[in-house]
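Chemist:
Residue numbers (the working numbering): 507 to 761.
1) Please go through the region 534–571 and give each complete beta strand (DSSP E) segment of 3 or more residues, from N-terminal end onward.
2) DSSP state of residue 593, grouped into three classes?
3) Three-state secondary structure (DSSP) at residue 663?
4) Bridge partners of residue 685, per DSSP?
5) Check whether the Cβ atoms of residue 719 and residue 711 lie closer than 8 Å to each other.
6) Tell me which residues share the same chain as residue 658 and place their Cβ nearer than 6 Å to its Cβ, disregarding the 5 neighbours each side in the sequence.
7) Since residue 654 is in the beta strand (DSSP E), which residue starts that stretch and which ends it?
8) Please classify residue 700 as buried or exposed, where buried requires at least 16 neighbouring CB atoms within 10 angstroms.
9) Going by DSSP, what residues sit across from residue 714 in a beta bridge?
10) Please name the residue or residues paired with residue 765 in a DSSP beta bridge.
11) Need the endpoints of the beta strand (DSSP E) that residue 755 sits in, please.
Okay, here's the thing in structure tokens:
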């Protein structure tokens, strides 16, 4: 060990986490839903981190945290924090090794549009913002820049365009994951996972010249493809947009 070298260094880093909005607290129900969602693949999430959002659960809901954590772990999804938990639940949550996420997550911006977007993953409201005279400037895109990737994105690679759109000029291979706070453009086959609007931007879209994705997501609303895509979409130019709580996939036509 080098002299004068500190035993530990603390650096700021970015960790992307899935937001899991719970409408049920029974571990068996969550297990059933995850099994259907993943097609029973125990390695589907590949050790992703998860923030459990319990805003939709009734007040006073009894939650078996160890059992719930174990269910997520079955699918290699690591629960690390809980969001929207009432104060009386905090001690029990922390006692089971989870963090309270409410104080750690970024507060919604003052802009009406962003406040309407969603506090957690699937609050799908896209209603117009209250209309002050300056409404048009507030409708501007939440992202400010573009990240461009010129090389193939290989299996096991994760790319995150924070506060930006993401443009990929080569193939996104199976097992790769691309994430952007803005929109995603892939000018090549999209075979891995694409998550646009990661910070809650419901206006983000996904574009690809060849749709072959394992998973697509916009602002926390996602869709997996255990079965083949419809012929009019598979291996074709496609755009994906969020419509309420549904992802619409549309063929991009040249004429």
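Backbone N, C-alpha and C define an ideal beta-carbon position, used for all residues, glycine too.
Modeler: In short:
1) 554–559, all fully within the region 534–571.
2) On the chain shown, position 87 is the one that residue 593 refers to. Residue state, collapsed to three classes: helix.
3) Walking along the chain shown from the start, residue 663 turns up at place 157. Residue state, collapsed to three classes: coil.
4) The count along the chain shown starts at 1 and reaches residue 685 at position 179. For residue 685, which the question treats as bridged, DSSP gives the partners 666, 701.
5) Translated into positions along the chain shown, residue 719 becomes position 213. Translated into positions along the chain shown, residue 711 becomes position 205. In this structure, residue 719 sits away from residue 711, with a CB-CB distance that is not shorter than 8 Å.
6) Residue 658 sits at position 152 when you count from the first residue of the chain shown. Excluding five sequence positions before and after residue 658, the CB atoms of its chain that fall closer than 6 Å to its own CB belong to 676, 677, given in chain order.
7) Here residue 654 corresponds to residue number 148 of the chain shown, with the count starting at 1. Unbroken beta strand (DSSP E) run through residue 654: 651–655.
8) As a first step, residue 700 must be located in the chain shown, where it is residue number 194. Per the 10 Å Cβ criterion, buried.
9) Position 208 of the chain shown holds residue 714. Looking at the DSSP assignment, residue 714 forms a beta bridge with 692, 744.
10) Only positions 507 to 761 of the chain appear in the structure, and residue 765 is not among them; the question remains open.
11) Translated into the one-based positions of the chain shown, residue 755 becomes position 249. For residue 755, the enclosing beta strand (DSSP E) covers residues 752–757.
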